[in-house]
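As numbered in numbering that gives the first Met the number 0, the sequence shown has no gaps in its residue numbers, which increase by one up to the final residue, 174. Written below as structure tokens is the structure these notes are about.
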Amino acid sequence: MRLLPSVMKLWTFQSAELENLLDKVEVVYAEWQLTPVNWRLAYVWMAAEMERHGIELNGHAPVWAWHSCGKWFAPPTVGTAMSLLTDYQLLNGMVTIEMEVPDELCLLSSYARFNELLDEVIDFGTIRHPEAHYEMFSLPLELDMDEIQAVIPCINKDWILEIRPIDIKPGKDDY
């Protein structure tokens, strides 16, 4: 009997341009020059954590995705998108990509705890005590007043279940 690989359902917000790119290539990687400069140190730290957990990035930046929003295995909501995406992104087109990603390529963590790391990077320009942030990976992860994020090394066309446009108008609180 051959066992099928275990996969994790994830959702990621991406530029609508990515859908056109996936018509031309099988795998899309995140490039460091496209990561927010003021958050880059936190992204570099997360990339190192991925490598430490055996997920190879081969010089690329991590791709952020959602595992559980509000309840276990629930996709991100309109509220999630509104809190993360800028008016510029919304005006230029964003999509939600639903995927099934091999478990061994996913590093799950607490979204709230990662935001604490981001705050430290923004406030101090450094990560003063990196070991203090390892708790974001502690299992079992809890959803109490938190959400579970995932970082993955790329977006593979074979993982994609559905791509949906995000239709939120800047300055509005609904869609």
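All C-beta atoms in this analysis are idealised placements derived from N, C-alpha and C, irrespective of residue type, glycine included.
Distance CB(residue i)-CB(residue j) smaller than 8 Å
i, j, result
"S67", "I147", "yes"
"A64", "T34", "no"
"C105", "M7", "yes"
"N155", "V26", "yes"
"A80", "I167", "yes"
"W31", "M98", "no"
"W38", "V94", "no"
"L56", "E50", "yes"
"F12", "L90", "no"
"G92", "A29", "no"
CA nearest to the CA of residue i, picked from the options
i, options, result
"L117", "I154, E103 and H132", "H132"
"K70", "R163, E97, D122 and E141", "E141"
"P164", "L84, V120, A149 and I96", "I96"
"M144", "F123, R112, G124 and E130", "R112"
"V40", "L107, R127, L84 and P139", "The displayed chain sequence assigns Leu, not Val, to residue 40. Selected option, being the one with the closest Cα: R127."
"L107", "V77, L138 and L84", "L138"
"N114", "Q88, W44 and E16", "W44"
"S109", "D22, A149 and Q88", "A149"
"Y42", "I162, L21 and P129", "P129"
"F136", "H52, K23, L160 and S5", "H52"
"V36", "L17, G124 and Y87", "G124"
Residues bridged to residue i (per DSSP)
i, result
"Q13", "V94"
"N155", "V26"
"V62", "I151"
"P101", "V6"
"K165", "It should be noted that the sequence gives Ile, not Lys, for residue 165. I165 is bridged to M93."
"E146", "C68"
"S109", "I147"
Whole-angstrom C-beta distance between residue j and residue i, which should lie under 8 Å
i, j, result
"W10", "P101", "The pair is not a contact, with the Cβ atoms about 16 Å apart (cut-off 8 Å)."
Interface flag, residue i vs chain C, CB-CB below 8 Å
i, result
"I96", "Of the protein chains in the structure, only one exists, and it is not chain C."
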